[in-house]
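Chains as they are written, first to last, in the numbering used here: chain A, 1 to 331; chain B, 1 to 331; chain C, 1 to 331; chain D, 1 to 331; chain E, 1 to 331; chain F, 1 to 331. Backbone N, C-alpha and C define an ideal beta-carbon position, used for all residues, glycine too.
Number of protein chains: 6
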Amino acid sequence: MQYPYPLLNPPPFVWTKDENNPNPKVHEWIQDLSHQQGAIDWDHFDVAIMGIPLSRSSISASSASENPDAIRRAWKSFYPYNLEHDVDLTELNVVDLGDVRQHVTDIAQCHQNITDAMAAQQTHHPNVFPLTIGGDHSITAMLVKGWKEVHPDQEVGILQLDTHFDLRSLEEFGPANGTPIRNLIESGTVQGSNVHNIGLHGFFNSKSLKDYADHVGLHYKTVRDVRKEGIDSIVKDALDQLSKKVDVIYLTVDMDVLDMSGAPGVPASTPGGLWTSELFEAVHLAGQHPSVKAMDLVCLDPVKDVAQMTVKTGVHVMLSFLTGYSQRKNA
Amino acid sequence: MQYPYPLLNPPPFVWTKDENNPNPKVHEWIQDLSHQQGAIDWDHFDVAIMGIPLSRSSISASSASENPDAIRRAWKSFYPYNLEHDVDLTELNVVDLGDVRQHVTDIAQCHQNITDAMAAQQTHHPNVFPLTIGGDHSITAMLVKGWKEVHPDQEVGILQLDTHFDLRSLEEFGPANGTPIRNLIESGTVQGSNVHNIGLHGFFNSKSLKDYADHVGLHYKTVRDVRKEGIDSIVKDALDQLSKKVDVIYLTVDMDVLDMSGAPGVPASTPGGLWTSELFEAVHLAGQHPSVKAMDLVCLDPVKDVAQMTVKTGVHVMLSFLTGYSQRKNA
Amino acid sequence: MQYPYPLLNPPPFVWTKDENNPNPKVHEWIQDLSHQQGAIDWDHFDVAIMGIPLSRSSISASSASENPDAIRRAWKSFYPYNLEHDVDLTELNVVDLGDVRQHVTDIAQCHQNITDAMAAQQTHHPNVFPLTIGGDHSITAMLVKGWKEVHPDQEVGILQLDTHFDLRSLEEFGPANGTPIRNLIESGTVQGSNVHNIGLHGFFNSKSLKDYADHVGLHYKTVRDVRKEGIDSIVKDALDQLSKKVDVIYLTVDMDVLDMSGAPGVPASTPGGLWTSELFEAVHLAGQHPSVKAMDLVCLDPVKDVAQMTVKTGVHVMLSFLTGYSQRKNA
Amino acid sequence: MQYPYPLLNPPPFVWTKDENNPNPKVHEWIQDLSHQQGAIDWDHFDVAIMGIPLSRSSISASSASENPDAIRRAWKSFYPYNLEHDVDLTELNVVDLGDVRQHVTDIAQCHQNITDAMAAQQTHHPNVFPLTIGGDHSITAMLVKGWKEVHPDQEVGILQLDTHFDLRSLEEFGPANGTPIRNLIESGTVQGSNVHNIGLHGFFNSKSLKDYADHVGLHYKTVRDVRKEGIDSIVKDALDQLSKKVDVIYLTVDMDVLDMSGAPGVPASTPGGLWTSELFEAVHLAGQHPSVKAMDLVCLDPVKDVAQMTVKTGVHVMLSFLTGYSQRKNA
Amino acid sequence: MQYPYPLLNPPPFVWTKDENNPNPKVHEWIQDLSHQQGAIDWDHFDVAIMGIPLSRSSISASSASENPDAIRRAWKSFYPYNLEHDVDLTELNVVDLGDVRQHVTDIAQCHQNITDAMAAQQTHHPNVFPLTIGGDHSITAMLVKGWKEVHPDQEVGILQLDTHFDLRSLEEFGPANGTPIRNLIESGTVQGSNVHNIGLHGFFNSKSLKDYADHVGLHYKTVRDVRKEGIDSIVKDALDQLSKKVDVIYLTVDMDVLDMSGAPGVPASTPGGLWTSELFEAVHLAGQHPSVKAMDLVCLDPVKDVAQMTVKTGVHVMLSFLTGYSQRKNA
Amino acid sequence: MQYPYPLLNPPPFVWTKDENNPNPKVHEWIQDLSHQQGAIDWDHFDVAIMGIPLSRSSISASSASENPDAIRRAWKSFYPYNLEHDVDLTELNVVDLGDVRQHVTDIAQCHQNITDAMAAQQTHHPNVFPLTIGGDHSITAMLVKGWKEVHPDQEVGILQLDTHFDLRSLEEFGPANGTPIRNLIESGTVQGSNVHNIGLHGFFNSKSLKDYADHVGLHYKTVRDVRKEGIDSIVKDALDQLSKKVDVIYLTVDMDVLDMSGAPGVPASTPGGLWTSELFEAVHLAGQHPSVKAMDLVCLDPVKDVAQMTVKTGVHVMLSFLTGYSQRKNA
């Protein structure tokens with residue numbers, strides 16, 4: 001079989017599945033194209049996972065490129081059943097498309113491939129929800145641009161969970177992991193006022209970035225705000241505001257939004273961040289909202305992880321989002 | 001001296017104690033039989049600790065068998081005084097009976113020894129509270145069966161703190177660490193409706209287990225429930241309900257109920273679990289309740305631990321329970 | 001240039017600074033004397049940092065002596081801008097004076113140097129706020145004594161964030177990290193009733209120490225109290241009470257007050273402690289209070305750290321305090 | 001496709017292969033049955049790999065059960081070309097049959113499955129060389145017994161690379177990882193004098209085991225002997241002696257024969273062992289010898305590994321053996 | 001002072017030096033330009049160190065970009081005196097020029113800067129020996145090209161200590177860390193027959209690369225050869241052959257040539273490599289040889305290191321080379 | 001029972017022993033005084049072990065104070081039978097006297113206790129061989145002085161296995177771990193020419209120390225010498241020379257003599273050191289020599305250890321020495 005998405009490689013490995021298992025685990029539930037018999041029924045899929053093994057565009061050294069495979073290995077320990085919400089994810093059809101092709105020394109080519117892959121996905125199967133596993137945060141600019149190529153008339157908003165603004169200078173850094181939101185604003189892809197960033201904390205943004213954010217009308221909430229107002233209220237409010245302004249909400253989860261006690265495996269991880277349970281609530285709410293049409297999860301470096309804590313959290317984020325997404329579909 | 005409990009070995013090592021220390025630490029306060037002069041005054045003891053160095057019955061590879069000794073080494077850093085409740089534990093007489101004998105390749109024999117050890121303990125010294133340090137969770141089924149052998153007319157209920165139901169199929173796994181509650185229900189030792197499980201979270205139970213739990217009338221609360229209702233309220237309510245239905249409440253603490261940021265040393269540790277302070281509150285409340293007659297602590301794997309965090313938490317759980325137990329005695 | 005503080009060595013290394021950087025990071029903002037041109041304008045400085053690389057006076061083996069340099073290396077990752085309070089720290093002038101000289105085998109000499117260094121600092125530049133980075137907790141007794149040498153008529157109170165009373169016997173341990181508060185009380189430097197300790201938890205103080213604390217009228221709050229009353233309320237209340245009784249409040253932060261999930265790099269770290277966000281709030285409030293005239297941060301052992309978590313937390317504590325201090329100056 | 005070996009499960013995962021890669025890596029070269037089209041041409045295979053994920057029969061707690069998968073993941077980093085001997089392994093056809101089925105709590109059943117799997121392999125495809133990846137050392141007794149079931153008239157000898165005799169009492173331990181050689185001798189499967197053990201060192205065998213070894217005429221060489229005589233000479237001599245006495249030499253490699261500086265990932269790893277390069281030489285020589293008809297590699301615990309050192313060494317051992325095996329075929 | 005090398009940044013930090021220390025350690029001996037008073041006397045320097053914090057051109061994820069600073073921190077533990085050869089390095093004048101500027105997302109620009117920096121160094125101070133600390137192995141191609149720009153008529157040979165050929169396809173990978181030697185050969189910078197590679201081992205080069213090496217007449221020796229012939233003999237022989245063919249020998253040390261027991265901090269580290277003492281001998285011999293005119297040390301990833309072992313080895317390699325270089329000067 | 005050695009505390013813990021075990025492990029073979037019935041038969045003992053939990057006198061931060069207990073825990077994994085030399089250590093009677101008392105803040109008192117303990121041991125039981133487990137290297141000066149107090153007329157020589165001279169200035173450091181040999185020479189306890197140091201390597205001694213060593217006639221051999229001449233020859237030669245000059249040889253083993261690949265758990269561990277097997281040979285030879293009358297093992301820091309490698313090596317050093325000692329007795 002020729003691989004139908006020429007910009008992607010199949011997943012590097014596939015789990016052997018017991019087709020008759022009445023209680024499949026996540027690795028038995030998530031499908032891959034190599035196991036499809038005959039013509040692929042694309043209408044069948046609800047969600048497509050794409051891995052992006054790129055982190056050479058990270059400002060600080062990162063092995064986030066190894067994250068897509070780390071996530072694939074770790075999800076073997078999970079069941080696609082959310083007891084806390086009594087949601088059975090096996091009603092969703094999720095396919096792992098594999099990894100977007102990357103080049104070793106040509107970062108611009110890597111980025112073009114990412115844009116093209118998102119564009120192809122939305123061109124050919126616009127009803128399949130794209131869930132992207134990074135990679136560093138530079139990919140978000142490329143993915144949103146790919147989306148806009150296919151949907152030029154849609155107004156896109158960003159719901160960002162992050163400890164940084166990611167508004168650093170494109171002149172200085174290029175399309176790195178510190179610049180994707182600036183990139184989207186300066187390129188006219190997204191309006192500054194259509195970005196809602198939740199979870200900023202600590203001493204990790206210069207004052208000039210905050211001034212820029214204010215200048216472009218970007219909305220943001222700190223972890224201190226979250227503790228006072230509650231994560232539910234803040235996320236619902238952001239979704240509510242965004243959905244009034246935009247056609248599509250793109251959700252981007254930078255794992256450095258988490259407190260490092262629960263997420264040591266992020267190069268920029270710090271104390272004072274969100275608890276994992278707060279992040280799970282946040283993405284669960286986003287999953288439920290009909291305007292959220294794409295999601296990525298970035299900056300998780302499995303090589304820096306301790307006791308596989310952050311990778312497990314990454315899987316949990318993905319499944320929490322899908323719990324909400326499943327509820328949305330059944331609503 | 002011949003060891004009075006033939007099914008147990010003495011603790012593998014004993015701490016040297018300064019008999020005149022006016023401020024003994026935990027290792028100087030907990031007694032062992034080898035230091036008893038003359039005939040042992042069994043009426044003297046309030047609590048008997050038994051170690052169970054068994055984890056070859058664990059589904060995933062585990063070194064929980066090394067936990068009893070890890071706990072014994074770690075408790076040297078603790079004082080038997082709880083400042084937060086102003087409770088002086090030295091008023092309790094606690095003896096470390098040592099470890100139940102295990103066989104290297106005959107798991108059935110290991111399990112029989114555990115049942116027999118609990119039965120012997122309850123036969124000869126029924127007024128001494130048995131506090132068991134595992135080992136994997138398979139031991140709970142054996143311990144409760146041992147209790148029932150001696151007290152066949154007592155209705156036994158279970159207060160379980162766990163992220164799993166432990167209701168997996170006995171046919172498939174045998175008496176493993178995923179099956180003890182199923183084992184107790186199917187063997188008629190405990191009624192399903194007399195099991196209260198608190199702390200379930202995440203994606204670690206298949207839907208079929210939840211359906212089974214519902215079918216047998218098992219009660220359960222998730223971490224999400226705990227955050228909404230408060231650990232105090234939930235535990236008190238479970239104790240209250242149970243004490244109306246049963247004669248004896250058996251408390252079993254699976255350390256995987258904890259959030260892995262505070263408990264990396266558990267093979268099945270995950271994000272989204274209880275905070276250690278919530279678990280300390282829970283067992284403290286159980287310690288105070290007059291119906292709680294036995295306790296175990298399982299699935300702590302010291303080899304997987306980071307910075308000795310989970311083992312210290314294990315000691316803290318034990319001492320928090322004994323704080324409540326001391327208050328119960330003085331009430 | 002001869003180093004103006006003969007009891008201190010310059011910092012072991014200095015970061016290369018881009019003088020023209022409009023967005024300096026912390027290592028570019030904090031000054032050192034070796035980069036001063038011509039005569040030093042001491043009136044220019046608001047805060048002086050002193051490192052104390054001493055931990056051979058620790059009861060348990062500790063590498064807290066390596067902490068001052070670990071903090072200096074880690075602060076390169078931080079910006080001197082607090083987004084959560086919109087405070088720009090670059091308005092403060094902070095100088096790193098370097099490390100107080102220590103002797104390898106003469107602990108008494110080490111301690112005398114610390115007292116002398118604080119006395120010299122307060123003699124020559126009494127308007128510069130001394131912020132000391134330990135080292136183990138024995139240094140607090142020496143620093144407060146140095147302060148009192150210069151200000152003999154001031155009544156000094158202590159705001160202590162700690163899981164221990166640090167009231168152990170001087171006869172048994174000498175001026176170790178378990179005895180500084182006892183040392184200050186017994187030497188008549190500080191009255192017991194002018195010590196407020198917040199954050200005690202767990203089983204790490206013998207009952208006799210609690211009795212001594214009660215006897216001398218020391219005030220204390222446990223983590224359990226913090227969770228019930230809130231860290232803000234408890235810290236504000238302590239500052240309020242203290243400021244009515246004393247002329248000067250000395251703030252001492254023992255990092256073992258933290259829950260070990262967020263602070264594995266402390267020899268005595270335990271479960272059940274403060275969250276890092278609670279500690280950040282506490283020192284931020286203390287920074288704002290006009291009576292707080294000196295601060296130290298102790299018992300952080302970078303060799304025991306995991307994923308650099310505790311060292312980053314140490315920097316965060318320092319910057320959170322300075323955020324409050326900046327607000328105090330601008331109030 | 002029904003799996004042709006009913007006692008085995010297919011490998012838990014398979015690597016995606018680029019069929020057109022002119023320079024395949026090991027994971028692209030080793031075949032699996034799920035990728036076979038139509039009827040499997042068994043005559044095609046030279047070597048069959050079987051994983052045995054069993055370590056609950058280990059005396060000390062071990063995660064060697066996770067080793068087969070760890071080896072499968074690690075071999076992705078290797079090329080099937082040995083530059084030091086200029087041997088291209090792609091001329092060999094190697095198939096990964098998957099893992100012998102194990103039971104969670106019935107060790108006897110696990111062991112029976114292992115014996116049966118070896119018997120089936122030798123019954124149906126006696127010309128395919130069986131290379132088994134453990135698992136703990138208990139499996140060796142089971143594998144040799146399976147061999148003997150099919151080839152009852154063959155005299156089998158053992159070439160053992162090990163720091164232990166593995167002659168401990170069957171009465172005390174059962175068929176554990178300390179007893180396989182005793183098991184084979186006492187069951188009459190192998191004569192004591194047909195066992196050659198190389199690499200014993202340190203203080204890890206009681207004198208009584210040495211006396212037993214002498215009593216049954218077992219041959220052994222210590223690491224000290226290896227250093228004096230050279231690993232080549234000692235291995236060649238053992239192969240030479242054995243091949244005069246037996247029909248078949250079974251090679252068993254216990255990774256604890258290695259010095260722990262190069263093999264931290266073995267529960268019983270100690271200083272004073274073989275260098276990895278010595279072990280590679282040893283198995284390379286065994287691979288060349290026509291009498292060596294089966295091999296296993298045991299007691300590698302990837303959870304205890306440091307920097308993936310021991311797992312990489314395990315792959316290297318396997319490939320070094322196959323280098324010799326390839327030379328044998330081409331000789 | 002404006003920095004005299006515009007393509008370099010000064011070292012990120014400088015150690016504070018005791019100018020009067022009669023026994024300076026390495027950090028007090030190695031000079032930096034910021035401490036030079038008045039005009040810099042360039043004739044004064046024997047050796048210039050340049051750091052290259054680039055590893056985004058590495059095929060596998062690497063933090064070798066953090067190595068120059070890791071080396072600078074670690075050399076504080078060393079004395080510039082080699083007892084084993086009784087050589088006092090303080091007779092050499094060594095300056096740390098700092099780091100070649102890198103771009104976050106433009107690898108081609110990074111590489112151009114490296115070439116330019118070497119060209120500038122050789123243009124302005126051709127008598128100062130350039131010792132470069134990488135970074136990944138891609139930099140070697142850039143450095144040799146920079147050299148050739150200034151010395152177009154010199155025939156350059158390469159003495160490479162490496163476990164890989166580094167001859168992978170430029171078409172596939174671009175100027176990555178797997179291709180520098182191919183790059184130099186294909187660009188006509190160096191003739192294949194003027195490359196001598198020592199230390200190849202294991203299964204980490206495809207057969208096609210070996211065929212290419214043979215095709216271009218490249219010379220190579222494996223670790224097996226080293227063990228048989230001795231490192232001294234092999235290195236001397238290579239230096240001898242090279243010096244007859246070329247004007248300049250460029251020494252490149254890829255730390256993956258080492259056995260991973262002593263060098264876990266290399267992404268491609270494997271068992272079966274050189275002992276550290278063999279590598280120290282090799283570079284010591286190269287240091288003595290008058291034709292060796294430049295050196296680099298690459299692929300050391302301090303983030304992957306264990307117990308700082310590999311970083312210390314890196315410093316040791318540098319000082320061992322300088323020991324030979326000092327002997328050369330005094331010969 | 002009152003403890004007969006007032007300067008020592010009993011071992012902090014004692015292993016439970018099976019008195020009837022025909023194959024005791026090391027922890028069952030080594031005796032302690034608390035298990036002696038009635039009057040102690042001191043003539044019965046061949047060797048007395050003393051622990052010295054002191055490392056606050058170390059120049060760099062060290063937890064070597066935790067080593068005596070780490071060694072006691074680790075020896076449980078060893079048998080007292082040396083297969084490589086066929087020596088059964090159970091013929092020796094070895095007693096663990098416990099730990100010399102230490103003070104938290106008075107290093108001079110600690111050192112006096114050590115001297116007094118050795119003097120008491122030699123006064124009361126001069127025929128029992130003292131084997132001391134440190135602690136840092138400062139203790140060696142104290143132990144030798146204690147010996148000389150009792151045996152003032154004996155000429156004492158030192159066989160030192162070390163990567164350092166330990167000849168640093170007493171004026172600068174006091175009696176620290178860098179000065180013990182200087183201390184002994186300057187105090188007239190030992191003549192410089194009666195010190196033989198084997199294993200120096202790397203860049204860890206300033207030239208001035210080498211000049212001092214030459215000045216006082218100290219003998220030394222580097223690791224490079226060891227590799228050329230063989231460890232056997234060098235050690236035998238040193239013992240031979242020493243025994244002609246002195247009455248008593250004191251053996252001191254600083255674990256930093258080892259290559260750090262096998263001994264990461266030493267604060268000053270470096271590459272380029274002795275292999276563990278070379279050290280085992282060295283101490284085995286010393287054990288056999290009749291002039292060697294006392295031994296210590298220092299500078300092992302179990303907190304820095306990796307995979308328990310260095311602690312196991314420490315036990316192996318002790319047992320290798322005792323193997324030789326046993327052969328001496330039986331010679």
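| Check | Outcome |
| --- | --- |
| Check whether the segment 243-261 of chain D touches the segment 297-311 of chain D, counting contact only when three or more Cβ pairs, one atom from each stretch, lie closer than 8 Å. | yes |
| In chain B, what lies closer than 8 Å to Asp136/D by C-beta? | In chain order: nothing, as chain B lies at least about 11 Å away. |
| Could you tell me which whole alpha helix (DSSP H) segments of length 4 or greater appear in the segment 98-139 of chain E? | 107-124 |
| Determine whether the beta carbon atoms of Pro112/D and His151/D lie at a separation below 8 Å. | Checking the displayed sequence, the identity of residue 112/D turns out to be Gln instead of Pro. Cβ atoms of Gln112/D and His151/D: not closer than 8 Å. |
| Find out if the Cβ-Cβ distance for the pair Leu159/E, Leu322/E is shorter than 8 Å. | no |
| Can you check DSSP and say which residues form a bridge with Met50/A? | Gly98/A and Thr132/A |
| Counting Cβ pairs, one atom from each stretch, are 3 or more of them under 8 Å apart for the segment 197-215 of chain B and the segment 81-92 of chain A? | yes |
| Could you check how far apart the C-beta atoms of Thr179/E and Leu170/E are, in whole angstroms? I think they sit under 8 Å. | 5 Å |
| Checking 8 Å against the spacing of the C-beta atoms, do Ile198/A and Ala238/A come in under that value? | yes |
| Counting Cβ pairs, one atom from each stretch, are 3 or more of them under 8 Å apart for the segment 225-234 of chain A and the segment 280-295 of chain A? | yes |
| Which whole-angstrom value describes the C-beta separation of Gly262/D and Pro271/E, a residue pair presumed to lie in contact below a C-beta threshold of 8 Å? | 6 Å |
| What's the C-alpha gap between Gly98/B and Pro10/F? | 22 Å |
| My assumption, with CB atoms under 8 Å, is that Val100/C sits in contact with Ile52/C. Please give the rounded CB distance. | 5 Å |
| Taking DSSP as the reference, what is the three-state secondary structure of Ser326/B? | helix |
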